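Undergrad:
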Amino acid sequence: MRAGDLRHRITIQRPEYTQDPVTGEMTPSWSEFAKTWASVEPVSVNQFVSAATNQSKVSARVVIRYRAGIDSTMRILHRDKIYNVEGVLADKVSGLEYLTLPCSEGVNDG
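Numbering (this note's numbering), first residue to last: 66 to 175.
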């Protein structure tokens with residue numbers, strides 16, 4: 066992957082839960098996991114129609130340099146949009162160069 070392809074600045078967030086000391090209720094929130102450069106591309110119309118037949122909600126593909134610890138509980142902030150990570154796919158050659166993150170768009174409350 067060429068560095069020029071990673072032209073979008075994104076924030077990756079992970080869920081955190083804090084317990085209310087009085088009620089014991091777990092309250093979800095989001096904390097920053099990383100800021101990194103990425104390629105953020107909408108899924109093409111053909112891919113979207115194909116995915117829709119499988120009841121998939123993937124609407125974008127985010128590609129980043131390999132980073133350990135990324136999983137499907139996380140979300141991505143890019144410009145004014147929130148993307149929920151639906152999966153983590155390593156590159157085909159070494160598995161350590163880049164990650165492709167299929168994402169759905171929307172609010173993820175935790």
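The C-beta atom is built at its ideal place from N, Cα and C for all residues, glycine as well.
It should be emphasised that the depicted structure is a prediction, and the values quoted were computed from it without experimental measurement.
Leaving out five residues before and five after S137 in sequence, what residues of the same chain have Cβ atoms less than 7 Å from its Cβ?
TA: If the five residues before and after S137 are omitted, its C-beta is found closer than 7 Å to the C-beta atoms of V150, E151, G152, V153, all from its own chain and listed in chain order.
Undergrad: Out of D156, E162, A155, H143, point me to the one whose CA is closest to E170's CA.
TA: Out of D156, E162, A155, H143, the CA that lies nearest to the CA of E170 is found in H143.
Undergrad: Which residues does DSSP list as the beta-bridge partners of R126?
TA: E106, P167
Undergrad: Just mark V123 as buried or exposed, buried being the case when its beta carbon has 16 or more other beta carbons within 10 Å.
TA: buried
Undergrad: Out of S96, R140, R130, V87, state which residue places its alpha-carbon closest to the alpha-carbon of S159.
TA: R130
Undergrad: In terms of alpha-carbon separation, which member of L161, P107, K157 lies closest to Y148?
TA: Residue P107 is the option with its Cα nearest to Y148.
Undergrad: If we call anything under 9 Å between Cβ atoms a contact, is A103 one with V128?
TA: yes
Undergrad: Below 8 Å on the Cβ atoms is my contact criterion, and I expect C168 with A125 to pass it. Report the Cβ-Cβ distance as a whole number of Å.
TA: Taking 8 Å as the upper bound for CB-CB distance, C168 and A125 are in contact here, some 5 Å apart.
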